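Asks: For the sequence shown, my numbering assigns the number 260 to the initial residue and increments by one for each residue that follows.
We treat Cβ as the ideally placed atom computed from N, Cα and C, and that holds for glycine.
Here the structure is a predicted model, which means the values were calculated and not measured.
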Amino acid sequence: MFGRLFFGGLLIGSLAMLLFVLGFVCLQFGLVLLMGLFYLLASKVMLLALGLLALLSVLTLFKAVYRELRGYFSRESAALRQLVSLQIRRQNIERRQTAECRQLSYLSRFKRQRLLVADNRKQARALFAAISDELQAVRAQLPATRYKNLRKALRTYRKQADAAAMLALRQQLHVVD
Numbered sequence: 260m261f262g263r264l265f266f267g268g269l270l271i272g273s274l275a276m277l278l279f280v281l282g283f284v285c286l287q288f289g290l291v292l293l294m295g296l297f298y299l300l301a302s303k304v305m306l307l308a309l310g311l312l313a314l315l316s317v318l319t320l321f322k323a324v325y326r327e328l329r330g331y332f333s334r335e336s337a338a339l340r341q342l343v344s345l346q347i348r349r350q351n352i353e354r355r356q357t358a359e360c361r362q363l364s365y366l367s368r369f370k371r372q373r374l375l376v377a378d379n380r381k382q383a384r385a386l387f388a389a390i391s392d393e394l395q396a397v398r399a400q401l402p403a404t405r406y407k408n409l410r411k412a413l414r415t416y417r418k419q420a421d422a423a424a425m426l427a428l429r430q431q432l433h434v435v436d
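1. Can you have a look at residue 284 and say buried or exposed, based on whether 16 or more other CB atoms are within 10 angstroms of its CB?
2. Below 7 Å between beta carbons: does that hold for residue 282 and residue 297?
3. Have a look at residue 386 and residue 356 and give me their C-alpha separation to the nearest angstrom.
4. Under the rule that 16 or more other beta-carbon atoms within 10 Å means buried, what is residue 347, buried or exposed?
5. Sorted by chain position, which residues of the same chain lie with C-beta nearer than 6 Å to residue 279's C-beta, five sequence neighbours on each side aside?
6. Could you spell out where the alpha helix (DSSP H) holding residue 378 opens and where it closes?
7. What does the alpha-carbon distance come out to for the pair residue 411 and residue 392?
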């Protein structure tokens, strides 16, 4: 149907061009009245051809819009859009779960490190207290300068949280016994 209308519009446009050519030929032969009639008729026919082609383009546009809307609202495309929506939602949930797992892993690692540091401090205090008690017990056997040096070294090791150095100092105490 649209093909016939298109070719019909082209045929009418061709007829208008033929009338323009006939008007020009009449002008060459001096037939001014006939030329005016052909030009007037050609302009009306050309207007009709352009109107028909414009109508055809508007009809084609409406047909294309109708076809696209019908395709958009069809059951198949609605089901496909719903499927894609569900896939995107599932991917978002998976990404969120991955991010939450990473965050929980980071938080638990952070808490473990804090607990480890706190436990190390507690162990260092307990070790300091035990060595300090042992140092106090052998105080009478040590010279005053040696006792002060050991006490000072013990405090330094405690500030540094150097458990190995405190244990080495403890070994020195047992060597003295």
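Replies: By the coordinates alone:
1. For the purposes of this step, residue 284 is taken as residue 25 along the sequence shown, with counting starting at 1. It counts as exposed.
2. Sequence index remark: in the sequence shown, residue 282 carries index 23 (1-based). Sequence index remark: in the sequence shown, residue 297 carries index 38 (1-based). If you check the CB distance, residue 282 and residue 297 come in under 7 Å.
3. Start at 1 with the first residue of the sequence shown, and residue 386 comes out as number 127. Start at 1 with the first residue of the sequence shown, and residue 356 comes out as number 97. Inter-residue distance for residue 386 and residue 356 is about 44 Å (C-alpha atoms, whole angstroms).
4. What you label residue 347 is simply residue 88 of the sequence shown in a count that begins at 1. Burial call: exposed.
5. Within the sequence shown, the letter at position 20 stands for residue 279. If we look at residue 279 and ignore the five residues flanking it on each side, its Cβ neighbours are 301.
6. Here residue 378 refers to the residue found at position 119 of the sequence shown. Bounds of the alpha helix (DSSP H) holding residue 378 are 334 to 396.
7. Walking along the sequence shown from the start, residue 411 turns up at place 152. Walking along the sequence shown from the start, residue 392 turns up at place 133. Going from the Cα of residue 411 to the Cα of residue 392 covers about 14 Å.
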